[in-house]
Amino acid sequence: MDDNIAVFFYGLFMDESLLASKGIIPASAATGYVDGFALRIGERATLVPESGARAYGVLMHISEQDAETLYSDPSVADYVAESVGVHLPDGSVEAALCYNLAAEDLTGTNPEYAKKLLALADELGLSETYLEHLRRIVA
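Residue 121 in the numbering used here sits at position 118 of the sequence shown, and the numbers go up by one each step.
See below:
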C-alpha cells in the first residue's frame, strides 16, 4: 500500500501477534539493527544515542494511521518519532521512523518487561551479543 511507512520497533511491539491484537497487520517485517543507539529499559524500553552502540529490532511497514494510533496509547504517548537508518540482513539500509522516549523521561524499572523482551528477541533470532546485553539487564 502506498500509505505504508517504515517503522523500526525494538521493544515488545516487535511482536507481530501483539500488533495484530491491536488491529495492526504489517505489510512486511524484517529483523535489522540501527547503529549509534543503545537500548535502555525503565518502565518501558527506549533507544538513546550512544556512540559505538548497536540496537536490534524489527523493521515493519505499517500504515501511517496505524503508527499514529499505536503511539496515541497513554503508555507510549510521550514517544517521539525520529529518523533512523535500519541495516537489514541483505546488507541494505532502509530509512525508517523509530519512536523513542527522551532519556530524561525514562523512569523506574520493569523486570517483567525486560524478561518478555529477552524472550521475544531470542524467538526472533536477534544477535547473540544483543541477547547477552538483554540477559545482563534481566539479571
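All C-beta atoms, glycine included, are put in the ideal place defined by N, C-alpha and C. In this text, all values refer to a predicted model and were calculated from it rather than measured experimentally.
Point to revise | Nearest-angstrom Cα separation, counted from residue 141 out to residue 71 | key: Take the alpha-carbon of residue 71 and the one of residue 141: they are about 30 Å apart.
**Study point:** Other residues of its chain near residue 69: CB distance less than 7 Å, five sequence neighbours each side excluded
**Key:** In the same chain as residue 69, and ignoring 5 residues on each side of it, the C-beta atoms closer than 7 Å to its own belong to 27, in chain order.
Review point. Looking at residue 112 and residue 44, is the spacing between their C-beta atoms short of 9 Å?
Key: Against a cut-off of 9 Å, the Cβ pair of residue 112 and residue 44 comes out as a contact.
Review point. Can you tell me whether DSSP reads residue 4 as helix, strand or coil?
Key: Residue placement at residue 4 cannot be trusted, given a pLDDT of 47 that sits under 50; what the coordinates show is reported in the next sentence. If DSSP states are grouped into helix, strand and coil, residue 4 belongs with coil.
**Study point:** Where residue 79 falls: helix, strand or coil (DSSP)
**Key:** Residue state, collapsed to three classes: coil.
Check your understanding: In whole angstroms, what is the alpha-carbon distance linking residue 50 and residue 17?
Key -> Straight-line Cα distance between these residues: approximately 14 Å.
Point to revise | At least three beta-carbon pairs within less than 8 Å, the region 28-41 to the region 50-62 | key: Cβ pair count under 8 Å is three or more, so yes.
Point to revise | Cutoff 7 Å; reference residue 46; Cβ partners in own chain excluding five residues on either side | key: Within the same chain, residue 46 has close Cβ partners 110, 111 and 113.
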